[in-house]
Amino acid sequence: DVKVTQSSRYLVKRTGEKVFLECVQDMDHENMFWYRQDPGLGLRLIYFSYDVKMKEKGDIPEGYSVSREKKERFSLILESASTNQTSMYLCASSPGLAGFGEQFFGPGTRLTVL
Amino acid sequence: AQRVTQPEKLLSVFKGAPVELKCNYSYSGSPELFWYVQYSRQRLQLLLRHISRESIKGFTADLNKGETSFHLKKPFAQEEDSAMYYCALEGSSNTGKLIFGQGTTLQVKP
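So the protein lines, in turn, are chains P and L. Per this note's numbering: the first sequence ends with 114, consecutive numbering throughout. Per this note's numbering: the second sequence ends with 1110, consecutive numbering throughout.
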């Protein structure tokens, strides 16, 4: 079974704090992704990475950065959290073959920024 | 532009009724399309992909290139089908990146 784990299920932070969300996958997948999940908006891609130290912006990268120092770990960083970043954050991974399509998701981190 | 549209936020049906969750896409090439499902308190997971042409949990989805649609269907809904459903399109970047629709909540009433 592919396992994607996220460091926290629930997180409460204050405006202006630096926030780290960690994601680890154990299946040697090349690709890793960070999404926001908001009601009525679906899943929106924040950043993705197709190799160690490689990253690409998704559709809504503003206010976020990422780090991928090891293949199995992909971190999402909120440099200065704001209330409009309150959301559910989902991490996913997939093998490196284009067209394979299946992404494996973590359980999500519900972040509240006060 | 590549886009996926799910026009219904909520679809409510009675147990045993047919279900059709709508998905329309915008893509100039040959699309790879998927349906993902998220049951209550569970993680998002793949339900089916169009290239497999398989039926999963009684659900099927047919790609209609003329109408640019990939609607998800089930002839007889069950209460355990209640969940959030997302349609997704694999984009053209060859990175395995998916473009998701807004999601449709399916509520199956007893």
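C-beta atoms are modelled at their ideal positions from N, C-alpha and C, and glycine is treated no differently. For clarity, every value in this text was computed on a predicted model and none was experimentally measured.
Could you spell out the range, first to last residue, of the beta strand (DSSP E) harbouring L:Lys-1073?
Note, L:Lys-1073: beta strand (DSSP E), 1069-1074.
Own chain, CB closer than 8 Å to L:Glu-1008, minus 5 neighbours either side, in chain order
Cβ neighbours of L:Glu-1008 beyond the five flanking positions: Leu-1021, Lys-1022 and Thr-1104.
Of all the CB atoms in chain P, is at least one closer than 9 Å to the CB of L:Ile-1099?
Judged by the 9 Å Cβ criterion, L:Ile-1099 is in contact with chain P.
Would you call P:Tyr-10 buried or exposed, if buried means 16 or more other Cβ atoms sit within 10 Å of its Cβ?
With fewer than 16 other Cβ atoms within 10 Å, it is exposed.
Which residues of chain L have a Cβ atom closer than 7 Å to the Cβ of P:Ser-16, listed in chain order?
What sits at residue 16 of chain P in the sequence shown is Gly, not Ser. At a C-beta separation below 7 Å, P:Gly-16 has no neighbours in chain L, since its nearest C-beta there lies roughly 30 Å away.
Cβ of L:Phe-1034 within 9 Å of any chain P Cβ
So yes, L:Phe-1034 belongs to the interface.
Nearest to L:Gln-1107 by CA position, among L:Leu-1010, L:Gln-1002 and L:Arg-1003, is which residue?
Of the candidates L:Leu-1010, L:Gln-1002 and L:Arg-1003, the one whose C-alpha sits nearest the C-alpha of L:Gln-1107 is L:Leu-1010.
Could you check whether P:Tyr-64 and P:Glu-56 sit closer than 9 Å to each other, using their CB atoms as the reference points?
By the CB criterion at 9 Å, P:Glu-56 and P:Tyr-64 fall outside the cutoff.
Between L:Val-1004 and L:Cys-1087, how many whole angstroms is the CB-CB distance? I'm expecting something under 8 Å.
That belief holds up - the Cβ atoms of L:Val-1004 and L:Cys-1087 are roughly 5 Å apart, short of 8 Å.
Extract the residue ranges of the beta strand (DSSP E) inside the segment 1015-1077 of chain L, only unbroken runs of 3 or more that lie entirely within it.
For the segment 1015-1077 of chain L, whole beta strand (DSSP E) runs of length 3 or above, ordered along the chain, are 1019-1021, 1024-1026, 1032-1038, 1045-1049, 1060-1064 and 1069-1074.
Alpha carbon to alpha carbon, how far is P:Val-24 from L:Ile-1051? Give it in angstroms, no decimals.
Taking the straight line from one Cα to the other gives about 29 Å.
Quick check on the burial criterion: 16 or more other C-beta atoms within 10 angstroms. Buried or exposed for P:Ala-92?
When all chains shown are included, P:Ala-92 counts as buried.
Counting only C-beta atoms, is P:Phe-48 closer than 9 Å to chain L at any point?
Yes, its Cβ sits closer than 9 Å to a Cβ of chain L.
Separation of P:Arg-36 from P:Phe-48, as counted between CA atoms:
Spanning the two alpha carbons is a distance of roughly 12 Å.
State the CB to CB distance for the pair P:Thr-112 and P:Thr-15, rounded to an integer number of angstroms; the pair is presumed to be in contact (CB under 8 Å).
The Cβ separation is near 11 Å, so there is no contact.
According to DSSP, is P:Gln-25 helix, strand or coil?
The answer is strand: DSSP assigns P:Gln-25 an E or B state.
Taking 8 Å as the cut-off, does the segment 1045-1065 of chain L touch the segment 1073-1088 of chain L (at least 3 CB pairs, one atom from each stretch)?
Using a C-beta cut-off of 8 Å, the segment 1073-1088 of chain L makes contact with the segment 1045-1065 of chain L, since at least three inter-stretch Cβ pairs fall below that distance.
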